[in-house]
Amino acid sequence: MSDEILESFTRQYIQAQNVPELTFAWQGGEPTLMGLDFFHKAMSFQHTYRQSGQKINNSLQTNAVLLDDEWCQFFKRHNFLLGVSLDGPQELHDAYRVDKGGKPTFEGVMHGIRLLQKHQVEFNILACVNDRTAQHPLEIYHFFRDELATAFIQFIPIIEKTTDLAHPISERSVTGQAYGQFLNTIFDEWVQRDIGKIFIQIFDVALAAWAGYRPGLCVHEETCGRAMAMEHNGDLYACDHFVDSGHFLGNMIAQSLVELINLPQQRQFGRNKKADLPHRCHNCWVRFVCNGGCPKDRLLTAQNGEPRLNILCEGYQAFFTHVDRPMRRMAELLHANRAPEEIMEQLRLSKASSAGFKQGRKRHYKNKARGVPCSTNGN
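The structure is reproduced here in structure tokens:
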């Protein structure tokens with residue numbers, strides 16, 4: 566990205582949003598390949614064009630392998646929030662995360678994470694759920710929670726399209742069923758011991774929906790179209806999942822960001838997410854939180870021949886059904902100005918009570934078999 570594009574984008578992006586707080590999100594490829602000088606210029610331009618009283622945040626998605634003390638000092642100084650790509654313990658991460666030469670990257674990522682921790686830079690984990698990692702939910706969760714001591718995790722389902730019409734989805738993609746089981750297994754442990762300590766994006770999305778708020782993640786919003794992607798040359802596209810000629814909006818040097826964002830085709834792109842929902846989605850009880858998922862994953866044809874069914878549909882239904890009861894209870898706690906983590910104590914008491922009842926029933930039948938008089942309540 567040239568200095569001209571960087572400065573123009575920074576100015577237009579800030580001026581287009583009359584808000585007290587905004588965020589620049591840096592992604593790649595790998596954004597650290599641009600080098601620190603580029604990001605020093607970015608901070609300078611942000612300072613120049615920042616409106617009075619306005620707070621500017623920066624987030625950066627990275628594989629962390631290029632991080633050193635200088636990078637981390639920069640991130641800390643400018644309050645960057647990092648998203649670090651790490652799929653789990655070494656064997657699971659290195660299965661697919663290799664460098665250009667085919668070498669595994671786990672050690673490099675972990676070195677970068679230790680540096681972030683050393684310099685107290687905030688980061689969250691971006692973990693891909695693929696055909697392999699989906700089979701190890703608790704191993705991955707325990708690794709992030711206990712070994713990395715990270716509090717913020719995003720689980721990203723991998724759906725890769727191929728050019729093979731007979732097999733349009735790659736073998737390393739996760740199935741809807743496996744994704745649902747993965748989330749359910751982690752949720753069952755999280756809800757009993759980690760609420761308020763570990764924050765998992767899709768769990769937060771669910772709680773927001775059950776509490777009556779917008780999900781807050783474009784994947785599960787009713788409409789979309791506000792997560793556009795800009796390339797290094799100023800070309801703007803409808804979404805970072807649709808960077809293709811059919812979704813090209815224009816160049817921000819030739820036409821302003823405000824004009825491009827408000828183009829009729831971009832507005833229609835956002836509305837299409839709702840308009841193109843399969844009929845079965847309209848009749849699905851979890852639609853209020855799912856909203857059909859991301860359009861990029863609507864690759865299946867329903868049994869009745871209707872197209873555009875989300876490949877993760879089975880997983881979404883399984884997960885959102887599984888969490889319904891605890892989410893309703895946590896939403897009730899929120900509306901009562903109480904902490905959702907109170908549910909953990911309630912679950913422990915319920916579990917203890919259930920265990921006590923079962924133990925009492927067991928003693929009752931043992932005594933009955935021996936002819937010992939028993940009270941009617943089984944104790």
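Heads up: the sequence shown begins at 566 in the working numbering, then just goes up one per residue.
Here a beta-carbon is modelled for each residue, glycine too, at the ideal position from N, C-alpha and C.
| For Pro905 and Leu510, believed in contact at Cβ under 8 Å, the rounded distance | The chain is shown only over 566 to 944; residue 510 falls outside these bounds and no answer can be derived.
| task | Answer yes if the region 610-618 comes into contact with the region 646-657, meaning at least three C-beta pairs across the two stretches below 8 Å, and no otherwise. | result | no
| message | Buried or exposed for Tyr778, going by 16 or more other Cβ atoms inside 10 Å? | response | Numbered from 1 along the sequence shown, position 213 holds the residue referred to as residue 778. Classification of Tyr778: exposed, given that the 10 Å Cβ count is below 16.
| said: Below 8 Å on the Cβ atoms is my contact criterion, and I expect Gly745 with Thr698 to pass it. Report the Cβ-Cβ distance as a whole number of Å. | reply: Within the sequence shown, residue 745 is the residue found at index 180, counting from 1. Within the sequence shown, residue 698 is the residue found at index 133, counting from 1. That belief does not hold up - the Cβ atoms of Gly745 and Thr698 are roughly 14 Å apart, past 8 Å.
| message | With DSSP as the reference, identify every bridge partner of Trp591, one or two as the case may be. | response | Against the sequence shown, residue 591 aligns to sequence position 26. In DSSP, Trp591 forms a bridge with Leu625.
| For Val674, does the three-state DSSP call read helix, strand or coil? | As a working note, residue 674 is residue 109 in the sequence shown. In this structure, Val674 counts as helix in the three-state DSSP scheme.
| said: List, from N- to C-terminal side, the alpha helix (DSSP H) runs of 4 residues or more that fit wholly inside the region 760-830. | reply: 766-775, 822-826
| If you count every other CB in all the chains shown that lies within 10 Å of the CB of Pro780, and 16 or more means buried, which is it? | For the purposes of this step, residue 780 is identified with residue 215 of the sequence shown, where counting begins at 1. Looking at its Cβ environment, which holds 16 or more other Cβ atoms inside 10 Å, Pro780 is buried.
| Cβ pair Val854, Ala771 closer than 7 Å | Locating residue 854 in the sequence shown gives position 289, where the first residue counts as 1. Locating residue 771 in the sequence shown gives position 206, where the first residue counts as 1. Yes, the Cβ-Cβ distance between Val854 and Ala771 is below 7 Å.
| task | Return the chain-ordered list of same chain residues with a C-beta closer than 7 Å to the C-beta of Ala660, the five sequence neighbours on each side being excluded. | result | Translated into positions along the sequence shown, residue 660 becomes position 95. So the qualifying residues of the chain are Arg697.
| DSSP state of Leu691 mapped onto helix, strand, coil | Mapped onto the sequence shown, residue 691 falls at position 126. In this structure, Leu691 counts as strand in the three-state DSSP scheme.
| field | Selection from His658, Lys683, Ile678, Lys665 that minimises the alpha carbon distance to Phe671 | value | In the sequence shown, residue 671 corresponds to position 106, counting from 1. It is His658.
| message | Can you give me the C-alpha to C-alpha distance between Leu782 and Gly835, rounded to a whole angstrom? | response | By one-based count along the sequence shown, residue 782 stands at place 217. By one-based count along the sequence shown, residue 835 stands at place 270. Taking the straight line from one Cα to the other gives about 14 Å.
| Can you tell me whether His785 is buried or exposed, with buried defined as 16 or more other CB within 10 angstroms of its CB? | Here residue 785 corresponds to residue number 220 of the sequence shown, with the count starting at 1. Buried.
| request: Measure the CB-CB distance between Asn623 and Phe574 and report whether it falls below 7 Å. | output: Here residue 623 corresponds to residue number 58 of the sequence shown, with the count starting at 1. Here residue 574 corresponds to residue number 9 of the sequence shown, with the count starting at 1. Contact: no.
| request: State the DSSP-derived secondary structure class of Asn749, mapped to helix, strand or coil. | output: For this step, residue 749 is matched to residue 184 along the sequence shown. The answer is helix: DSSP assigns Asn749 an H, G or I state.
| Would you say the region 880-888 touches the region 800-813, given that touching needs at least three Cβ pairs under 8 Å? | no
| Thinking just about the alpha-carbon of each residue, which of Val630, Leu625, Glu656, Gln655 is nearest to the one in Lys641? | Reading the sequence shown from its first residue, position 76 is the one you call residue 641. Nearest C-alpha to Lys641: Leu625.
| said: Suppose you measure from the CA of Ala794 to the CA of Lys916; what does that come to, to the nearest Å? | reply: Residue numbering aside, residue 794 sits at position 229 when the sequence shown is read from its first letter. Residue numbering aside, residue 916 sits at position 351 when the sequence shown is read from its first letter. Their Cα atoms are separated by approximately 48 Å.
| task | Tell me whether Leu647 sits in a helix, a strand or coil according to DSSP, three-state version. | result | The count along the sequence shown starts at 1 and reaches residue 647 at position 82. Correct three-state label for Leu647: strand.
| field | Start-to-end residues for the beta strand (DSSP E) that takes in Leu598 | value | Your numbering for residue 598 matches position 33 in the sequence shown. Careful: Leu598 lies outside any beta strand (DSSP E) and carries neither H nor E.
| task | Assign Pro669 to one of three DSSP states: helix, strand, or coil. | result | Within the sequence shown, residue 669 is the residue found at index 104, counting from 1. Secondary structure of Pro669 (DSSP, three-state): strand.
| query | What residue from Gly666, His844, Ala629, Ile818 has the CA that sits closest to Gly673's CA? | reply | Within the sequence shown, residue 673 is the residue found at index 108, counting from 1. The shortest C-alpha to C-alpha distance from Gly673 to any of Gly666, His844, Ala629, Ile818 is the one to Ala629.
| For the candidate residues Asp711, Glu787, Pro829, whose alpha-carbon lies nearest to that of Cys846? | Residue numbering aside, residue 846 sits at position 281 when the sequence shown is read from its first letter. Considering only alpha carbons, the answer is Glu787.
| said: Assess contact between the region 717-729 and the region 753-766, defined as three or more Cβ pairs (one per stretch) separated by less than 8 Å. Is contact present? | reply: yes
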